[in-house]
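Taking it in order: structure first as structure tokens, then the write-up.
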Amino acid sequence: MLARYFSFVIAKRWWVIALYALFLLPSAWLAAQVRQDNSIDRLIVAGDPDNVAMREFQQVFGAGEYALLLAQAHDPFAPKVLGEIDRIEQAIEAIPGASVNSALSVFR
Numbered sequence: 001m002l003a004r005y006f007s008f009v010i011a012k013r014w015w016v017i018a019l020y021a022l023f024l025l026p027s028a029w030l031a032a033q034v035r036q037d038n039s040i041d042r043l044i045v046a047g048d049p050d051n052v053a054m055r056e057f058q059q060v061f062g063a064g065e066y067a068l069l070l071a072q073a074h075d076p077f078a079p080k081v082l083g084e085i086d087r088i089e090q091a092i093e094a095i096p097g098a099s100v101n102s103a104l105s106v107f108r
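For what it's worth, this note's numbering labels the leading residue of the sequence shown as 1, then goes sequentially.
As structure tokens, this is what we get:
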């Protein structure tokens, strides 16, 4: 059965390539239209008990998106490096709606 199928594909290879090319462009266009939404609303059913509890928690404590910022240095505890990281954190804190949560900010 497979031998007949592959014999057909080889015999009509230019038709197969043309058909593939015909479907490739619209498929690529449609794939580019897909939007990504990582919000929790898209992942959990609205009536789910855990989702309801999460919303109640957010009303009390707030919620928001977060970003992870990493800094790399040969000696991360050198005073110059710690000072630079502190300056970065203070610049982020100056942005409205942004906050910093790091081990260094505890000792500020």
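Where is the CB? At the ideal position from N, CA and C, for every residue including glycine.
Can residue i be considered in contact with the ligand ZN, in the sense that its beta carbon sits closer than 6 Å to one or more heavy atoms?
i          : result
residue 32 : As presented, the structure is devoid of all ligands, the ligand ZN included, so that no description of it is given.
Quick one: what's got a C-beta closer than 6 Å to residue i's C-beta in the same chain, skipping five residues either side?
i           : result
residue 103 : none
Given this structure, state the Cα-to-Cα distance separating residue i from residue j, to the nearest angstrom.
i           : j          : result
residue 30  : residue 78 : 51 Å
residue 50  : residue 6  : 51 Å
residue 93  : residue 16 : 58 Å
residue 43  : residue 11 : 47 Å
residue 88  : residue 70 : 11 Å
residue 95  : residue 36 : 26 Å
residue 21  : residue 28 : 11 Å
residue 107 : residue 33 : 47 Å
residue 47  : residue 58 : 16 Å
residue 80  : residue 73 : 10 Å
residue 63  : residue 90 : 21 Å
residue 101 : residue 41 : 25 Å
residue 26  : residue 2  : 29 Å
residue 105 : residue 24 : 52 Å
Find the nearest neighbour of residue i within the set the options, judged by alpha-carbon distance.
i          : options    : result
residue 99 : 82, 67, 74 : 67
Quick one: residues in its chain with C-beta nearer than 8 Å to the C-beta of residue i, no 5 flanking neighbours on either side, listed in chain order?
i          : result
residue 9  : 16
residue 45 : 51
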